[in-house]
Amino acid sequence: MTTTPPHPDLSCALYSADQIQKRINEMADEIARDYGHEEFLAISIMKGSFIFAADLIRCLSARKAQPVLDFITLSSYGSETSSRGSISVLTELTLPVTGHRILIIDDILDTGLTLHTTRHLLYERGAKDIRTCVLLDKPARRSVPIEANYRGFQIKNVFIIGYGLDYNNRYRHLPYLTTLTPPPSP
Ligand code: XMP
10 MTTTPPHPDL SCALYSADQI QKRINEMADE IARDYGHEEF LAISIMKGSF IFAADLIRCL
70 SARKAQPVLD FITLSSYGSE TSSRGSISVL TELTLPVTGH RILIIDDILD TGLTLHTTRH
130 LLYERGAKDI RTCVLLDKPA RRSVPIEANY RGFQIKNVFI IGYGLDYNNR YRHLPYLTTL
190 TPPPSP
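Its first residue numbered 10, the sequence shown is counted upward by one per residue in the numbering used here.
Structure (structure tokens):
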């Protein structure tokens, strides 16, 4: 049986590009205040957070903060619009974490499994301290008790695309955040 794929609600941005930039600037104020001029490792979880991380570290740079950027890719198993049972590392960090202060950057905090697993892994590898930063937070879906230190927007339980977030690797390029809606009835 073939099913019609969901489609994005392109007519109605949940958050516009301007709203996103404004919020990221506010988050950068907070983060720069907390880290001061001390160097820290900013770890962007691929692929969903790459646009958010790029904008955030440039806002941090404007505030004289000293992030050093690295990336990690995690694999997950589950359906395309719902999380996931287990997580493993698909591509590794390139920089050592031992003894470093770390800011984990992710696109969205959903069940909490990704952030929880990543934080645990980095503490095991000897990170000095770890803070977490997400653009979006869906608290209704949480199955692991974790909250982000910095969060952009709290949202309802809807599937989001755009600004790095995808459905089947599509829509990451959209400059705004919108929802994925079921197709209209014929
Ligand atoms: P967990 O459940 O581990 O999920 O907190 C975090 C990861 O799940 C993906 N995710 C989404 N991706 N739209 C997306 O494009 C969504 O609404 C969504 N919810 C969860 C995402 O990869 C995130 O890093």
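Glycine is no exception: its CB is placed at the ideal position from the N, C-alpha and C atoms.
Bear in mind that the values here come from a model prediction, so they are computed numbers and not experimental data.
- Beta carbon of Arg-57: closer than 7 Å to some heavy atom of the ligand XMP? Start at 1 with the first residue of the sequence shown, and residue 57 comes out as number 48. Note on residue identity: the sequence assigns Gly, not Arg, to residue 57. For the ligand XMP, at least one heavy atom lies less than 7 Å from the Cβ of Gly-57.
- Task: Please list the segments of the beta strand (DSSP E) lying wholly inside the stretch 119-168, counting only runs of 3 or more residues, in order along the chain.
- Result: Counting whole runs of 3 or more residues, the stretch 119-168 contains the beta strand (DSSP E) stretches 138-146 and 159-163.
- Is Arg-67 helix, strand or coil when you go by DSSP? Taking the first residue of the sequence shown as position 1, residue 67 is located at position 58. If DSSP states are grouped into helix, strand and coil, Arg-67 belongs with the helices.
- Local Cβ density within 10 Å of Lys-147, reported as buried at 16 or more and exposed below that: For the purposes of this step, residue 147 is identified with residue 138 of the sequence shown, where counting begins at 1. Of the other Cβ atoms in all chains shown, 16 or more fall within 10 Å of the Cβ of Lys-147; this residue is therefore buried.
- Going by the beta-carbon positions, is the gap between His-129 and Ile-155 smaller than 8 Å? Taking the first residue of the sequence shown as position 1, residue 129 is located at position 120. Taking the first residue of the sequence shown as position 1, residue 155 is located at position 146. Not a contact, by the Cβ cut-off of 8 Å.
- Message: Quick check: is the beta carbon of Ile-54 nearer than 8 Å to any beta carbon in chain D?
- Response: Chain labels in this structure do not include chain D; a single protein chain is all it has.
- Task: Could you please give me the residues that DSSP links to Arg-110 through a beta bridge?
- Result: By 1-based counting over the sequence shown, the position of residue 110 is 101. DSSP lists Asp-138 as the bridge partner or partners of Arg-110.
- Query: Under the criterion of a Cβ to heavy atom distance below 7 Å, does Ile-123 qualify as lining the ligand XMP?
  - Reply: The residue you call residue 123 lines up with position 114 of the sequence shown. Residue identity check: residue 123 is Thr in the sequence provided, not Ile. Because some heavy atom of the ligand XMP lies under 7 Å away, the Cβ of Thr-123 counts as near it: yes.
- Task: Return the bridge partner residues of Tyr-176 from the DSSP annotation.
- Result: Within the sequence shown, residue 176 is the residue found at index 167, counting from 1. Under the DSSP definition of a beta bridge, Tyr-176 partners with Arg-179.
- Touch check for the stretch 134-145 and the stretch 103-116: three-plus C-beta pairs under 8 Å? yes
- Message: On a Cα-Cα basis, can you pick out the residue from Leu-131, Thr-120, Phe-49 and Ile-169 that is closest to Ser-70?
- Response: As a working mapping, residue 70 is identified with position 61 in the sequence shown. That would be Phe-49, whose Cα lies nearest to the Cα of Ser-70.
- Say yes only if the C-beta of Thr-120 is nearer than 7 Å to one or more non-hydrogen atoms of the ligand XMP, and no if none qualify. Walking along the sequence shown from the start, residue 120 turns up at place 111. Yes - the ligand XMP has a heavy atom lying nearer than 7 Å to the Cβ of Thr-120.
- Item | Sub-8 Å separation of Phe-253 and Arg-32 beta-carbons | Nothing about residue 253 can be read from this structure; the chain reaches only from 10 to 195.
- Task: Count the other CB atoms, across all protein chains shown, that sit within 10 Å of the CB of Ser-171; report buried if there are 16 or more and exposed otherwise.
- Result: Looking up residue 171 in the sequence shown gives position 162. According to the sequence as given, residue 171 is Gly; it is not Ser. It is buried - the Cβ of Gly-171 has at least 16 other Cβ atoms within 10 Å.
- DSSP state of Asp-27 mapped onto helix, strand, coil: Here residue 27 corresponds to residue number 18 of the sequence shown, with the count starting at 1. In this structure, Asp-27 counts as helix in the three-state DSSP scheme.
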